[in-house]
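Below: the structure, in structure tokens.
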Amino acid sequence: MPAKFRTLLSLTFLLLSSTFSLPASAAQEIKVSSGTIRVIPLSHASAGVLVDHVRDLLGEKGELKILADGRSNALVVRGPADLVQAAVVLIGQLDTPEKFRIFRLNYLDPVEAVEILESSFFNSGKASKVGPQIRATVTTLPGNSSTGGLGGISVPPPEKKDFTVAVANQSPKFVPISRDNTLMVIGSSQDFVIVEKLLASLDKRARQVVIQTQILEINDVGEDTLGVNFNTQSGGMAGASVQGGSNRFQFDTITRRASQLQFEINALIKSNKAKMLASPSVLAMNERKSAIRIVDNIIEKIDSVTTTNANTSVTAKSITQGSAGITLEILPRINDDGYIVLSVHPEISFVREKVLGQNMELMATLKSTREFQTQEIMVRDGDTLVIGGLIQDRTSEAVEKLPWLGDIPILGRFFQRRTLETTRTEVRIFITPQILAEPEEKKHDHPAQS
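If you read the sequence shown in my numbering, its first letter stands for residue 198, the second for the next number, and so on.
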């Protein structure tokens, strides 16, 4: 039998044996004139990844040639017998099963943990020469929104978010498990140590703040009673305003204690100088957006479409619904110095006019909206932020008449006196954030299961 044919037959046998995941020590060798050829099947590692490691470690002046066979997941090594044997030993030590650990998280979301890990110690943006990257898409679905309390407090759920994580093959792999709020890490023991230390510093109870709001409608008599000045400094900050048509949103802070401020507000209400529209409160987590909505459902538009077929006419109406009222989005950021940075986004809308069609049917509702883009304002714990600027002039007609005579048709108007009275009102929003005192933090371990 010719030597070339025997060599080809031996290679065929070795490639077939690699399909059955024989260990590296079971690889058989082929003697050739230039040295030795061995086909080393891999049981755990990827041939495309491992080939670069072996080349970097044993590729001495091109004497050792190493090829990766992706179909059978094996390495083909050719060279001097001593170098080939060294490659067999090295590959046997590298071809080990991957280890994994499961870290249980107490407060941190596992998807957020993956983002932090991938952007810090395990930065996948760096160039790597150990093979292509693995790209995985993780999707978080929104949960149920929570609604309740006076005034309709609504905390919006997290939005659906898709993000792609690029992980180099030699980097640890992260699998977020939202069901159990755990994180699976597949990697080396060194990776586990880094992940455990990082999670221990990140997975802590988030601070919380109680945001108390009061929405008042104050007439022109009671406007200056509370001592709010939107144009001068108060409480360490200058009043801010934004132009919005004929009205303005304006900001100021009140440094008096909450009990004293509440006493003054109650006095205004009892003296009919103010009217409490709503007083909702919401418990917000640090750097998490909360929303307070006090709105009424309205019919914004009614469209009518008439279809005529032969002698039959069918009219279909399409109703577009909307809302009018007060919406306040707040995102608190608690500082260590006792101050809170509030990102505030107020929006106030009210019905301006109703458009009627034939037969006095409602066709549309026109509303006016005042909205202020997100503004960051620093408030001390317990101080009150005041938002004002929605001013309305209401005109009412008062009729005075003589008994009996004033009710006579046509002639009764000669025994009546009509007066027009204009009342100016302003809607003000009082926001008082109070940081919740946290109990002494306990140490939470991150047990790992393998």
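Note that the Cβ used here is the ideal one computed from N, Cα and C, for glycine as well. All values derive from a computational prediction rather than experimental measurement.
*Out of curiosity, what's the CA-to-CA distance linking Glu635 and Arg404?*
Against the sequence shown, residue 635 aligns to sequence position 438. Against the sequence shown, residue 404 aligns to sequence position 207. Each residue's alpha carbon lies about 7 Å from the other.
*Nearest-angstrom Cβ-Cβ length linking Ser510 and Asp500, presumed shorter than 8 Å*: Position 313 of the sequence shown, counted from the first residue, corresponds to residue 510. Position 303 of the sequence shown, counted from the first residue, corresponds to residue 500. Their Cβ separation, rounded to whole angstroms, is 16 Å, which puts Ser510 and Asp500 out of contact at 8 Å.
*Compare the C-alpha of Leu261 against each of Ala284, Thr517, Thr581 and Pro477 and name the closest.*
The residue you call residue 261 lines up with position 64 of the sequence shown. If we check each option's Cα against that of Leu261, Ala284 comes out closest.
*What first and last residue would you give for the beta strand (DSSP E) that runs through Phe389?*
Here residue 389 is taken as the residue at index 192 of the sequence shown, counted from 1. Here Phe389 belongs to no beta strand (DSSP E); instead the alpha helix (DSSP H) covers Ser386 to Leu399.
*Going along the chain, which unbroken runs of the beta strand (DSSP E) with 3 or more residues stay wholly within the region 569 to 638?*
572 to 577, 581 to 598 and 613 to 632
*Buried versus exposed, by CB contacts within 10 Å (16 or more), Ser368*: The residue you call residue 368 lines up with position 171 of the sequence shown. With 16 or more Cβ atoms within 10 Å of its Cβ, Ser368 is classed as buried.
_According to DSSP, is Glu461 part of a helix, a strand, or is it coil?_
As a working note, residue 461 is residue 264 in the sequence shown. It is helical.
*Touch check for the region 562 to 577 and the region 609 to 622: three-plus C-beta pairs under 8 Å?*
No: the two stretches stay apart, fewer than three of their Cβ pairs being nearer than 8 Å.
_Coarse secondary structure for Ser240, derived from DSSP in three states_ = Mapped onto the sequence shown, residue 240 falls at position 43. Ser240 falls in the coil class under three-state DSSP.
_Residue from Asp417, Leu302, Gly519 and Thr581 with nearest C-alpha to Lys401_ = Mapped onto the sequence shown, residue 401 falls at position 204. Nearest C-alpha to Lys401: Leu302.
*asked:* DSSP has Gly522 in a bridge; who is on the other side?
replied: Counting from 1 along the sequence shown, the entry for residue 522 is found at position 325. In DSSP, Gly522 forms a bridge with Val492.
*Distance, Arg549 Cα to Val583 Cα*: Position 386 of the sequence shown, counting from 1, holds the residue named residue 583. Position 352 of the sequence shown, counting from 1, holds the residue named residue 549. Each residue's alpha carbon lies about 25 Å from the other.
*Segment contact, 8 Å Cβ cut-off, at least three pairs: the region 538 to 558 with the region 592 to 609*: When C-beta atoms of the region 538 to 558 are compared with those of the region 592 to 609, fewer than three pairs fall below 8 Å, so the two segments do not count as touching.
_Per-residue DSSP class, three states only, for Ser540_ = Taking the sequence shown and counting its residues from 1, one reaches residue 540 at position 343. Ser540: strand per DSSP, three-state reduction.
*Per DSSP, what kind of secondary structure is Glu312 in: helix, strand or coil?*
Residue 312 sits at position 115 when you count from the first residue of the sequence shown. The three-state reading of DSSP puts Glu312 in helix, counting H, G and I together.
_Contact defined as beta carbons within less than 8 Å: I believe Val479 pairs with Leu633. What is the distance between those atoms, to the nearest angstrom?_
The sequence position of residue 479 within the sequence shown is 282, counting from 1. The sequence position of residue 633 within the sequence shown is 436, counting from 1. The Cβ separation is near 13 Å, so there is no contact.
*asked:* Spatial neighbours of Asp306 within its chain, please: C-beta separation below 7 Å, excluding the five flanking residues on both sides.
replied: Looking up residue 306 in the sequence shown gives position 109. Excluding residues within five positions, none has a Cβ falling inside 7 Å.
*Counting only the same chain and skipping the five closest in sequence on each side, list residues whose C-beta sits under 8 Å from that of Ser317.*
Looking up residue 317 in the sequence shown gives position 120. Closer than 8 Å at the Cβ level, and outside the excluded window around Ser317, lie Leu395.
*Specify, as a first and last residue, the run of the beta strand (DSSP E) that Ala283 falls within.*
The residue labelled residue 283 in the question sits at position 86 within the sequence shown. Not the beta strand (DSSP E): Ala283 falls in the alpha helix (DSSP H), residues Ala278 to Leu291.
*So Ile313 and Leu399 are in contact, right, with Cβ under 8 Å, and what is the actual spacing, rounded?*
As a first step, residue 313 is located in the sequence shown; it is residue number 116 there, counting from the start. As a first step, residue 399 is located in the sequence shown; it is residue number 202 there, counting from the start. Contact between Ile313 and Leu399 holds: CB atoms are separated by about 6 Å, below the 8 Å threshold.
*Nearest-angstrom beta carbon gap, Leu287 and Leu239 [assumed within contact, 8 Å]*: For the purposes of this step, residue 239 is taken as the residue at position 42 of the sequence shown. For the purposes of this step, residue 287 is taken as the residue at position 90 of the sequence shown. About 12 Å; that fails the 8 Å criterion.
_Between which two residues does the beta strand (DSSP E) holding Pro373 run?_
Counting from 1 along the sequence shown, the entry for residue 373 is found at position 176. Counting along the chain, the beta strand (DSSP E) containing Pro373 begins and ends at Lys370 to Ile374.
*asked:* Could you compute how far the alpha carbon of Ala156 sits from the alpha carbon of Lys498?
replied: Residue 156 is absent from the structure shown; the chain starts at 198 and stops at 647.
*Are Phe627 and Gln457 close, meaning C-beta to C-beta below 7 Å?*
Stepping through the sequence shown from its first residue, residue 627 is reached at position 430. Stepping through the sequence shown from its first residue, residue 457 is reached at position 260. The answer is no: Cβ separation not under 7 Å.
*Answer with buried or exposed for Asp292, where buried requires no fewer than 16 other C-beta atoms within 10 angstroms of its C-beta.*
As a working mapping, residue 292 is identified with position 95 in the sequence shown. Classification of Asp292: buried, given that the 10 Å Cβ count is 16 or more.
*Looking at Val248 and Ala271, is the spacing between their C-beta atoms short of 7 Å?*
What you label residue 271 is simply residue 74 of the sequence shown in a count that begins at 1. What you label residue 248 is simply residue 51 of the sequence shown in a count that begins at 1. Cβ atoms of Ala271 and Val248: not closer than 7 Å.
*Hey, could you find the ends of the beta strand (DSSP E) Leu302 is sitting in?*
Position 105 of the sequence shown, counting from 1, holds the residue named residue 302. Segment: none, Leu302 is in no beta strand (DSSP E) and carries neither H nor E.
*asked:* Cutting at 7 Å between CB atoms, please list the residues of its own chain near Met560, excluding the five before and the five after it.
replied: The residue given as residue 560 occupies position 363 in the sequence shown. Excluding sequence neighbours, Met560 sits near Ile499, Val552, Leu553 and Gly554.
*Grab me the residues of Gly384's own chain with a C-beta within less than 6 Å of its C-beta, minus the 5 sequence neighbours each way, in chain order.*
In the sequence shown, the residue the question calls residue 384 occupies position 187. The residues are Pro369.
*Short check: CB of Val492 to CB of Gly522, under 7 Å?*
Translated into positions along the sequence shown, residue 492 becomes position 295. Translated into positions along the sequence shown, residue 522 becomes position 325. The answer is yes: Cβ separation under 7 Å.
*Excluding five sequence neighbours on each side, which residues of the same chain lie with their C-beta closer than 8 Å to the C-beta of Thr566?*
The residue given as residue 566 occupies position 369 in the sequence shown. Excluding positions up to five away in sequence, the list reads Glu544, Ile545 and Ser546.
*Would you kindly check if the distance between the Cβ of Val251 and the Cβ of Ile263 is under 7 Å?*
The residue labelled residue 263 in the question sits at position 66 within the sequence shown. The residue labelled residue 251 in the question sits at position 54 within the sequence shown. Ile263 places its beta carbon less than 7 Å from that of Val251.
*Below 6 Å CB to CB, which residues in the same chain sit around Gly281 once its five sequence neighbours on both sides are set aside?*
Indexing the sequence shown from 1 puts residue 281 at position 84. Residue 281 is actually Val in this sequence, not Gly. If the five residues before and after Val281 are omitted, its C-beta is found closer than 6 Å to the C-beta atoms of Thr233, Arg235 and Val274, all from its own chain and listed in chain order.
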